[in-house]
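>
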Amino acid sequence: MAVTEKTYHDDLAIVREELDKCMKCGNCMAVCPVYGADRIESAVTRSKIAVAEAILDGELELDDPQVYEMLFNCLVCKSCMTACPTKVNFDRIMLALRAALVRKNGLPWLKKAIFSTLKHPKLFDAGLRIGAAMQGLAFKTEESGKAISPRAPFARIGGPIGFDGERQMPSLSITPLRDRVPEIVRAPGSTLKVAFFTGDSLNYFYPDSGKDLIDVLTANNIEVHIPKGQNCCGIPVLVHGDIDTVRKLARSNIDTFEATGCDYLITGCGSCGGAWQHDYVELLATDPVYGPKARDWSKRTYDISTFLTRVIKLREPKGRIEKTVTYHDSCHLKKSMKVFVEPREILKSIPGLTFKEMSAPDACCGSGGSFVLSHYETSAVIGKKKAEDIQRTQADTVSTGCPACMMQLLDNVHRCSGRQDVVHFISLLAESYRKER
Ligand code: SF4
Ligand code: SF4
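One rule links them: number in my numbering = place in the sequence shown (from 1) + 9.
What follows is the structure in structure tokens.
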């Protein structure tokens, strides 16, 4: 089907309106985590906006090396948008700039190779399974059994991207989530069926958390569909300007979830949920077939916490959990999906659990997908601040609603000599339900 009009992903000039809203007041300086770490004016939102203006006016080239560095020295965390008095949609500006760069120069070969596997789910899946089988060559399991870290030879060369001897990360699962459960998990007496978009992180790195999410839904008498044909949400390629690939992924995911016939789509990751609620709608806005479908799914997509507390009435947890827990707001969950009250409500409903708030729970953790690899030093400074804030709460557990944040928190808590367990908040609810039994 021919797509006749363009979105800002196809034409940088479309974001001119957003650029014109910026009055260069500098409010964004106080909240931009990258500026907070780098302390250079070029890191601030308003400078990136000035560069976008200069590019549109023909005064700067997109592929100028300094421009390139500025474009990718950004977490696309939306923090600046929360402090902006004129409501500049900076995420659109940044995505439009990166897409324009890819249109001009194409993708660098490494990104092209990695992203092309996403368009072939079986190849991507096979690659991760091989990675899971081979990871013991480069990584060793920590004594806790909860993380892996680079072996000495790998740590010597991996330092610049943060894979030094201190690095801690979750292991790739030998048996991903979607292999552990049937495509339909029935619940006794269910009157509602939902489709679970697992995303790649819950599927490959945190399958236990994904299983906890399914268990919580079935404990609330909800039938859960987990289609095996689902793909990556596409956010990792969208933020690198590969619009062709993310649109293919969006259309494929829409087809897969339409086939389930479910009433709702549930996510356990702010980036995946944000993709379904907002990005697919914007990416496919001018597509006469998929545009209306994307808008329909947007209205039926919920983070697990919102679904449990706003769509159904959460079955009260009764099992005691004697833990002191703090909660980190994932940028995409809070700033894109506007979900921040509901996870706290769930945590506070668990008997025995003591909830402690950080001083800045919604400060970015510094992950930003691949930002943690491409700008490791900046990411580590941002992550250290977060880990110190966690330590001050004296909690023994830090919870969040995003698997990418879990990875970053695991590493940064460890580097700060913290002892906190890092968990998805849904796992604490699942644990409480299990204790009842
Ligand atoms: S806060 Fe908004 S208006 Fe002010 S400089 Fe930053 S982006 Fe521009
Ligand atoms: S999106 Fe985040 S990192 Fe990028 S300019 Fe805005 S606040 Fe800074």
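Note that CB positions come from ideal geometry on N, CA and C, so glycine has one too. Since the model is a prediction, treat every value here as computed from it, not as a measurement.
Give the straight-line distance between the Cα atoms of V177 and V422, rounded to the nearest whole angstrom.
For this step, residue 177 is matched to residue 168 along the sequence shown. For this step, residue 422 is matched to residue 413 along the sequence shown. Residue identity check: residue 177 is Gln in the sequence provided, not Val. Taking the straight line joining both Cα atoms gives about 10 Å.
> Less than 8 Å separating the beta-carbons of S379 and Q417?
Against the sequence shown, residue 379 aligns to sequence position 370. Against the sequence shown, residue 417 aligns to sequence position 408. For S379 and Q417, no; Cβs fall outside 8 Å.
> Starting from S158, follow its DSSP beta bridges and name the residues at the other end.
The residue you call residue 158 lines up with position 149 of the sequence shown. Looking at the DSSP assignment, S158 forms a beta bridge with K149.
> Around the Cβ of H18, are there at least 16 other Cβ atoms within 10 angstroms (buried) or fewer (exposed)?
In the sequence shown, counting from the first residue as 1, residue 18 sits at position 9. Buried is the call here.
> Just mark C34 as buried or exposed, buried being the case when its beta carbon has 16 or more other beta carbons within 10 Å.
Taking the first residue of the sequence shown as position 1, residue 34 is located at position 25. C34 comes out exposed.
> Just verifying my parser: in three-state terms, what is the DSSP assignment at T269?
As a first step, residue 269 is located in the sequence shown; it is residue number 260 there, counting from the start. Coil.
> If we ignore side chains and look at the alpha-carbon of each, how far apart do D371 and C242 end up?
Within the sequence shown, numbered from 1, the residue matching residue 371 stands at position 362. Within the sequence shown, numbered from 1, the residue matching residue 242 stands at position 233. In a straight line, the C-alpha of D371 is about 23 Å away from that of C242.
> Going by other Cβ atoms of all chains shown within 10 Å of its Cβ, with 16 needed for buried, is S153 buried or exposed?
On the sequence shown, position 144 is the one that residue 153 refers to. So S153 counts as exposed.
> Count the C-beta pairs between the region 342-352 and the region 404-420 that are closer than 8 Å, then say yes if the count reaches three, no if not.
The answer is yes - the region 404-420 touches the region 342-352, with three or more Cβ pairs under 8 Å.
> In chain order, which continuous runs of the alpha helix (DSSP H) of length 4 or greater are located wholly inside the region 287-358?
Counting only runs of 4 or more, we get 289-292, 299-308 and 350-357.
> Taking Cβ to Cβ, would you say V76 is nearer than 8 Å to E70?
The residue labelled residue 76 in the question sits at position 67 within the sequence shown. The residue labelled residue 70 in the question sits at position 61 within the sequence shown. Contact flag set, yes.
> So is S210 buried or exposed if we call it buried at 16+ other beta carbons inside 10 Å?
In the sequence shown, the residue the question calls residue 210 occupies position 201. Looking at its Cβ environment, which holds 16 or more other Cβ atoms inside 10 Å, S210 is buried.
> Taking the alpha carbon of K395 as the reference point, which residue from C425, H384 and T269 has its own alpha carbon closest?
The residue labelled residue 395 in the question sits at position 386 within the sequence shown. Out of C425, H384 and T269, C425 has the C-alpha closest to the C-alpha of K395.
> Under 7 Å from any heavy atom of ligand 2, does the C-beta of L84 make it?
Residue mapping note: residue 84 aligns to position 75 of the sequence shown, counting from 1. Yes, Cβ of L84 sits closer than 7 Å to a heavy atom of ligand 2.
> My output table needs one value for D430: the three-state DSSP class, helix, strand or coil.
Residue numbering aside, residue 430 sits at position 421 when the sequence shown is read from its first letter. In this structure, D430 counts as strand in the three-state DSSP scheme.
> Does the Cβ of L438 have 16 or more other Cβ atoms within 10 Å, making it buried, or fewer, making it exposed?
In the sequence shown, the residue the question calls residue 438 occupies position 429. So L438 counts as buried.
> Please report the straight-line C-alpha distance between Q403 and G328, rounded to a whole angstrom.
Counted from its first residue, the sequence shown places residue 403 at position 394. Counted from its first residue, the sequence shown places residue 328 at position 319. Rounded to whole angstroms, Q403 to G328 spans 23 Å at the Cα level.
> Pop quiz: F205 and L222 are said to be a contact at Cβ under 8 Å. What is the actual Cβ separation, rounded to whole angstroms?
Numbered from its first residue, the sequence shown carries residue 205 at position 196. Numbered from its first residue, the sequence shown carries residue 222 at position 213. Indeed, because the Cβ distance is near 7 Å, the residues count as touching under 8 Å.
> Quick check for students: name the residue ranges of the alpha helix (DSSP H) that lie wholly in the region 168-228, counting only runs of 4 or more.
Fully enclosed alpha helix (DSSP H) runs of 4 or longer: 186-189 and 216-228.
> Quick one: is V85 buried, meaning 16 or more other Cβ sit within 10 Å of its Cβ, or exposed?
Within the sequence shown, numbered from 1, the residue matching residue 85 stands at position 76. Classification for V85: buried.
> Any heavy atom of ligand 1 closer than 7 Å to the Cβ of K87?
Indexing the sequence shown from 1 puts residue 87 at position 78. Result no, Cβ not under 7 Å from ligand 1.
> With a CB to CB cut of under 7 Å and the five nearest residues on each side skipped, what residues in its chain are close to A284?
In the sequence shown, the residue the question calls residue 284 occupies position 275. Taken in chain order, the residues that qualify are C242, G243 and I244.
> Can you give me the Cβ contacts of R353 inside the same chain, cut-off strictly under 8 Å, excluding the 5 residues immediately before and after it?
As a working note, residue 353 is residue 344 in the sequence shown. Once the five neighbours on either side are set aside, the close Cβ partners of R353 are Y336 and F364.
> Is I231 helix, strand or coil when you go by DSSP?
For the purposes of this step, residue 231 is identified with residue 222 of the sequence shown, where counting begins at 1. Note: I231 maps to strand in three-state DSSP.
> Classify N82 as buried or exposed, calling it buried when 16 or more other Cβ atoms lie within 10 Å of its own Cβ.
For the purposes of this step, residue 82 is taken as the residue at position 73 of the sequence shown. Counting Cβ neighbours within 10 Å, N82 comes out buried, since at least 16 surround it.
> With DSSP collapsed to three states, give me the class of L274.
For this step, residue 274 is matched to residue 265 along the sequence shown. Reduced to three states, the DSSP call for L274 is strand.
> Excluding the 5 residues preceding and the 5 following F99 in the sequence, name in chain order all residues of the same chain whose CB lies nearer than 6 Å to its CB.
Along the sequence shown, read from residue 1 onward, the residue named residue 99 stands at position 90. Taken in chain order, the residues that qualify are T54, C89 and M90.
> Terminal residues of the continuous alpha helix (DSSP H) containing V76?
On the sequence shown, position 67 is the one that residue 76 refers to. That run of the alpha helix (DSSP H) goes P74 to F81.
> In whole angstroms, give me the CA-to-CA distance for F124 and C271.
Here residue 124 is taken as the residue at index 115 of the sequence shown, counted from 1. Here residue 271 is taken as the residue at index 262 of the sequence shown, counted from 1. One C-alpha to the other measures close to 29 Å.
> Helix or strand or just coil, what does DSSP make of A11?
Numbered from 1 along the sequence shown, position 2 holds the residue referred to as residue 11. Only weak support exists for where A11 lies, its pLDDT of 45 falling under 50; the value from the coordinates is given anyway. It is coil, neither helix nor strand.
> Answer with yes or no whether the minimum CB distance from S383 to chain B is below 8 Å.
No chain B appears in this structure, which consists of one protein chain only.
> What are the boundary residues of the beta strand (DSSP E) that S51 is part of?
Residue 51 sits at position 42 when you count from the first residue of the sequence shown. Element bounds for S51: n/a, residue is neither H nor E.
> How many Å lie between A105 and S383 at the Cα?
For the purposes of this step, residue 105 is identified with residue 96 of the sequence shown, where counting begins at 1. For the purposes of this step, residue 383 is identified with residue 374 of the sequence shown, where counting begins at 1. Taking the straight line from one Cα to the other gives about 20 Å.
> Look at the alpha carbon of S158 and the alpha carbon of P169, and state the distance between them as a whole number of angstroms.
Locating residue 158 in the sequence shown gives position 149, where the first residue counts as 1. Locating residue 169 in the sequence shown gives position 160, where the first residue counts as 1. Distance between the alpha carbons of S158 and P169 is about 15 Å.
> Going by C-alpha distance, which of W306, D305 and R324 is nearest S314?
In the sequence shown, counting from the first residue as 1, residue 314 sits at position 305. For the residues W306, D305 and R324, the minimum Cα distance to S314 belongs to R324.
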